[in-house]
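All letters in the sequence shown, in the order written, are residues 278 to 484 by this note's numbering. Note that the Cβ used here is the ideal one computed from N, Cα and C, for glycine as well.
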Amino acid sequence: MYTLIGNTKTRTLRVQWMLEELSLAYDHIPAAPQAPEVLALNPLGRIPVLKAGEDVLTDSMAIMAYLGDNHPDAGPDDGTGGLSHPAGSPARARQDAMVLRLIDEFDALLWTRARHLFVLPEDQRVPDVIPVLDLELAQNAGKLAETLGAQPFLMGPHMSIPDILATHVFGWAFTTGVALSPPDNLKAYLKRMRTRPAYRRALGQPT
Ligand SMILES: N[C@@H](CCC(=O)N[C@@H](CS)C(=O)NCC(=O)O)C(=O)O
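Next comes the structure, spelled out in structure tokens:
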């Protein structure tokens, strides 16, 4: 039995979506970052945190890799199979490379953008960096659309962890006003991902 700690307005959504795709049972404590119940488990105060029995796991991508490795036969109810390739396989190395690319090219830039928009004390913000980051994000979206091509999912015919991460970072970009106009194939892919029943269940939306 799992307990997921963190509210879905954050990177916690990635993990909750994966738990839903894998049809795993879990409790959910929708705590905010730095809340006492988070600090009790993660001294950094960051969410998501996953309790797996007595084990406490942190970092959305580490948690998702753990879930994928531990539930290789669980998977989307559309018959595409588990969400992760086996550890040690070339396919897994390619999947991990895509995860790291999305972290480098989207997550890290979006976090830097947020810091210079509202997180840092006002006198430490550098507003001029925002248009530079927006341009870079738009260029990276164009390159990602080229990688996606006509495939249904980022890694090919099967959904995998990078699809959850990509959908999440683009949602983050859209809701924070990044001037992105993704190419049509990427736009259609993101729309498809956001209509998945597991995604909607994670957000508490009707399926
Ligand atoms: N790389 C980590 C980042 C975790 C993270 O920074 N989470 C944010 C919420 S999305 C948070 O808890 N921030 C609070 C803080 O840094 O104090 C992950 O993917 O889980």
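| Asked | Found |
| --- | --- |
| Alpha-carbon to alpha-carbon, D461 and D336 | 31 Å |
| Segment limits, beta strand (DSSP E) that includes V455 | First-last for V455: undefined, no H or E at that position. |
| Boundaries of the beta strand (DSSP E) in which V376 is found, first to last residue | Unbroken run through V376 is the alpha helix (DSSP H), 367 to 379; no beta strand (DSSP E). |
| Three-way DSSP call (helix, strand, coil) for K286 in this model | coil |
| Nearest residue (CA-CA) to L386, options W449, K468, G359, M470 | W449 |
| Option nearest L480 by Cα separation, candidates R291, D440, Y279 | R291 |
| Alpha carbon of P439 to alpha carbon of L379, nearest angstrom | 8 Å |
| Any non-hydrogen atom of ligand 1 closer than 7 Å to P325 Cβ | yes |
| Residues bridged to D272 (per DSSP) | Residue 272 lies beyond the range of the chain shown here (278 to 484); nothing can be said about it. |
| Status (buried if at least 16 other CB within 10 Å, exposed otherwise) for G454 | exposed |
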